[in-house]
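J.:
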Ligand code: URA
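Numbering (this note's numbering), first residue to last: 79 to 314.
What follows is the structure, given as C-alpha cells:
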C-alpha cells in the first residue's frame, strides 16, 4: 500500500512555519515621516537643514498644527523647541497635558528662509503631508495655531482674531474632527492680552477632548500687536 509520498519536488524551497518569521511592526506615521525625509516638493528643500515632520504621540487625540519650523526647529528636527515651544509646553502643562500626550506638527515641514511667511505654493506643495498625518494619527481635536494653519484646515478666509476659541466640526482628510483655532504662541509671547486669551482658549481643551465642551466664553478680539522684527509674521 502506498504511504504518504516522501518524494520532494525539486525546485521547492522549504520555508519555516509562518509563526517563526519575525514580524517588525513599523509605525505607519514614523514610516511616512521617514519616507519624506528627502522631500523636494518645493523650494524650501534647498535651504533647510532637515524636514521637521512633527513629534509626539502617533495616536494622539489632540493634534496641534503650527506654521513652519524656525531656526531652532530646523536645527533640531523637532517642532516648537524655541521660545514659542516653551510657551506651548507651559500651556499644555497648565491643562494637565504633556507634549508626549499630543502630536505637534506644522503646515510647512521645512523652514522658510529668515522665518518669512509661508508662500501659497509652498503650502500647496506641503499640504499632502499634513493631510496624511491627520489620516494616520486620527485625532479627535485639531488645534490650529495661528492664521496659516487655521485658514488651510478650515478652508475659510477668516483670520484667527475672529475665529479663535470657536470650535467647528469638519471633515478633514476624510476624518470627522473638531477644529479648534488658537492664537499662535509666538504672537502671544509679545502681547500679554493675547496670552490671556490663549490661556482661556486653552482651558477649554480638556472639555473639548471629553466631548462635553462648555459654552464658549465670549472674549473680545484683541488688537494685533506690531510684529516683532525677527519673529514669524502673519500670525494674527
Ligand atoms: N512656530 C511654528 O509655527 N512652528 C514651530 O515649529 C516653531 C515655531
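Glycine included, C-beta positions come from ideal geometry on N, C-alpha and C.
#1: Looking at ligand 1, does it come within less than 7 Å of residue 147, judged from the CB to the closest heavy atom?
#2: Sort 128, 212 and 132 by Cα distance to residue 177 and report the nearest one.
#3: State yes or no: is the C-beta of residue 260 within less than 8 Å of the C-beta of residue 247?
#4: Any idea what DSSP makes of residue 131, helix, strand or coil?
#5: For residue 287, which residues of its own chain have a beta-carbon under 8 Å away from its beta-carbon, when the five flanking residues on both sides are left out?
#6: In three-state DSSP terms, what is residue 222?
#7: Does the segment 156-167 touch the segment 106-123, meaning 3 or more C-beta pairs lie closer than 8 Å?
#8: If we count Cβ pairs, one from each stretch, closer than 8 Å, do we get three or more for the segment 206-213 versus the segment 232-244?
#9: Please look up how many angstroms separate the CB atoms of residue 184 and residue 136, rounded, as I've assumed it's under 8 Å.
#10: From what residue to what residue does the alpha helix (DSSP H) around residue 158 run?
#11: Can you check which of these residues, 112, 171, 125 and 273, is closest to residue 223 by C-alpha distance?
#12: For residue 309, collect the residues of the same chain with a Cβ closer than 6 Å to its Cβ; drop the 5 residues on either side in sequence, then sort them by chain order.
#13: If I follow the unbroken beta strand (DSSP E) through residue 140, where does it start and stop?
#14: Could you work out which residue in 143, 167 and 128 is closest to residue 150 when comparing CA atoms only?
#15: Check whether the Cβ atoms of residue 225 and residue 238 sit closer than 8 Å, and answer yes or no.
#16: Which term fits residue 289, buried or exposed, when burial requires 16 or more other beta carbons within 10 angstroms of its beta carbon?
#17: Count the other CB atoms, across all protein chains shown, that sit within 10 Å of the CB of residue 285; report buried if there are 16 or more and exposed otherwise.
#18: What did DSSP end up calling residue 255 once you bin it into helix, strand or coil?
#19: Once the 5 residues before and after residue 283 are set aside, which same chain residues still bring their CB inside 6 Å of it?
T.: The short version:
#1: yes
#2: 132
#3: no
#4: coil
#5: 139, 140, 218 and 219
#6: strand
#7: no
#8: no
#9: That pair is no contact at about 16 Å.
#10: Note, residue 158: premise wrong, no alpha helix (DSSP H); not H, not E.
#11: 273
#12: Annotation note: pLDDT 42 at residue 309 (below 50); position unreliable, coordinate value reported separately. Cβ within range, chain order: 264.
#13: 140-144
#14: 128
#15: yes
#16: exposed
#17: exposed
#18: strand
#19: 173
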